[in-house]
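**Q** Residue numbers (the numbering used here): 10 to 283.
Ideal Cβ positions, reconstructed from N, Cα and C, are used throughout, including at glycine.
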Amino acid sequence: MKCEAEPIGPIATAGVAPDQADMLFAHAAGFCKELWNPIITTLTDRIGPLGTLSVDTRGHGASTPHPGPFDPPSIACDLVHLLDGIDHQIVGVGHSSGGAAIARTEVLRPGTFSRMVLIEPIILPPPYERRESPLSRMATKRRRRFPSPEAASKRFARGPFGSWDPKVLDLYIEYGFDHTADGVTLRCEPNVEAEIYREGLNNDTWEYVPQITCPVTIVAGETSDSHQDPYLSALVERFADVELVIAKGYGHLVPMESPALIADIIAERVGSVV
């Protein structure tokens, strides 16, 4: 399988250069690379120095503005272009749509990853159809501008983000928004986030998952609204070499809710392969 999407411009990264990377981190829809920082910090405390590389996927964070498409295969193509030329395997970690992109990267570039940790990956069975969903409708209505960082923080501390670790919410306000004298503006346009949700329903990565041969850890939140049986069991069964870890007491946003838990899950599995 080849990449059909061409990069419009560079995607923003943090950490080491690709050829020095031990691990690659891909975030969920609407967020940014810096939300991995608490996990990376705890992870390095657990297992020692690491060459970590986190990315702002197309349409997010500090990456070049992008007209789309915003489907997992296109996002994965950006990662393939980023990793072009590296001559060693790395560990891939992805959350939600980022998890789907990590899996698709391995399909597009077999042997990229020695192991994958996929946290609530959005890899859905057929039928594949681009359509609206409650998530896409919610995203299009998301408020984008606030008069101050404090106002944005107060707003996002309610609702689904209210269970986040405070450090992660602070990072989201700092790096997920453009800051000016007039206030703050979400870097990820609401329609970009919505389009990821629409295209996530029209993504055939499910068909290619059996081709993935590296060890895979799937992390699912116990209270997740997206990863429950029978779908969860069916997803796990698609992978050739897989284990399922249930994050007890947490939901779909578990990396933001408990960075330490996710760091521990990763550390227990990658210490011998990086």
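(1) Excluding sequence positions up to five away, which residues of its chain have a Cβ less than 6 Å from the Cβ of Arg-151?
(2) Under three-state DSSP, which class holds Asp-187?
(3) Quick test of your reading: Asp-31 and Thr-53, contact by CB under 8 Å. State the CB separation rounded to the nearest angstrom.
(4) Cβ of Cys-41 within 9 Å of Cβ of His-75?
(5) Between which two residues does the beta strand (DSSP E) carrying Thr-194 extend?
(6) Please tell me whether Thr-73 and Pro-19 are closer than 9 Å, where the distance is taken between their beta carbons.
(7) What whole-angstrom Cβ distance do Asn-211 and Ala-109 have, given they're in contact under 8 Å?
(8) Spatial neighbours of Pro-6 within its chain, please: C-beta separation below 7 Å, excluding the five flanking residues on both sides.
(9) Mapping the DSSP letters down to three states, classify Glu-90 as helix, strand or coil.
(10) Hey, quick one: how far does the beta strand (DSSP E) through Ile-99 stretch, first residue to last?
(11) Is it right to say Ala-243 is buried, meaning 16 or more other beta carbons lie within 10 angstroms of its own, or is it exposed?
(12) Secondary structure at Phe-170, three-state DSSP: helix, strand or coil?
(13) Span of the beta strand (DSSP E) holding Glu-252?
(14) Along the chain, where does the beta strand (DSSP E) that runs through Val-64 open and close?
(15) With distances taken between CB atoms, is the gap from Ala-38 to Ser-105 smaller than 9 Å?
(16) Do Val-116 and Ala-226 have their beta-carbon atoms positioned less than 9 Å apart in this structure?
(17) Are the beta-carbon atoms of Leu-144 and Tyr-206 separated by less than 9 Å?
(18) Please report how far the alpha carbon of Ile-95 lies from the alpha carbon of Ala-160, in whole angstroms.
(19) Would DSSP call Arg-154 helix, strand or coil?
(20) Let's see if you can read the secondary structure: which residues bound the alpha helix (DSSP H) around Arg-207?
**A** Put simply:
(1) As a working mapping, residue 151 is identified with position 142 in the sequence shown. Answer for Arg-151: Pro-199, listed in chain order.
(2) Locating residue 187 in the sequence shown gives position 178, counting from the first residue. In the structure shown, Asp-187 falls within a strand segment according to DSSP collapsed to helix, strand and coil.
(3) Counting from one through the sequence shown, the residue named residue 31 turns up at place 22. Counting from one through the sequence shown, the residue named residue 53 turns up at place 44. Not a contact, Cβ separation roughly 10 Å.
(4) Locating residue 41 in the sequence shown gives position 32, where the first residue counts as 1. Locating residue 75 in the sequence shown gives position 66, where the first residue counts as 1. Judged by their CB atoms, Cys-41 and His-75 are not nearer to each other than the 9 Å cut-off.
(5) On the sequence shown, position 185 is the one that residue 194 refers to. Run containing Thr-194: 192-195, per the beta strand (DSSP E) assignment.
(6) Here residue 73 refers to the residue found at position 64 when the sequence shown is read from its first residue. Here residue 19 refers to the residue found at position 10 when the sequence shown is read from its first residue. The Cβ atoms of Thr-73 and Pro-19 lie closer than 9 Å to each other.
(7) Mapped onto the sequence shown, residue 211 falls at position 202. Mapped onto the sequence shown, residue 109 falls at position 100. The Cβ separation is near 12 Å, so there is no contact.
(8) Here the chain has residues from 10 to 283 only, and residue 6 is not among them.
(9) Translated into the one-based positions of the sequence shown, residue 90 becomes position 81. It should be noted that the sequence gives His, not Glu, for residue 90. Here His-90 sits in helix by DSSP.
(10) Counting from one through the sequence shown, the residue named residue 99 turns up at place 90. DSSP places Ile-99 inside the beta strand (DSSP E), whose first and last residues are 99-104.
(11) As a working mapping, residue 243 is identified with position 234 in the sequence shown. Exposed is the call here.
(12) In the sequence shown, residue 170 corresponds to position 161, counting from 1. Three-state result, Phe-170: helix.
(13) As a working note, residue 252 is residue 243 in the sequence shown. Run containing Glu-252: 251-256, per the beta strand (DSSP E) assignment.
(14) By one-based count along the sequence shown, residue 64 stands at place 55. Element bounds for Val-64: 61-64.
(15) In the sequence shown, residue 38 corresponds to position 29, counting from 1. In the sequence shown, residue 105 corresponds to position 96, counting from 1. Taking 9 Å as the Cβ cut-off, Ala-38 and Ser-105 qualify as a contacting pair.
(16) Counting from 1 along the sequence shown, the entry for residue 226 is found at position 217. Counting from 1 along the sequence shown, the entry for residue 116 is found at position 107. Reading the sequence as shown, one finds Thr at residue 226 and not Ala. Against a cut-off of 9 Å, the Cβ pair of Val-116 and Thr-226 comes out as no contact.
(17) Working through the sequence shown from its first residue, we reach residue 144 at position 135. Working through the sequence shown from its first residue, we reach residue 206 at position 197. In contact: Leu-144 and Tyr-206 (Cβ atoms closer than 9 Å).
(18) Taking the first residue of the sequence shown as 1, we reach residue 95 at position 86. Taking the first residue of the sequence shown as 1, we reach residue 160 at position 151. Near 43 Å, if we compare the C-alpha coordinates of Ala-160 and Ile-95.
(19) As a working note, residue 154 is residue 145 in the sequence shown. Note: Arg-154 maps to strand in three-state DSSP.
(20) Counted from its first residue, the sequence shown places residue 207 at position 198. Arg-207 -> alpha helix (DSSP H) spans 199-209.
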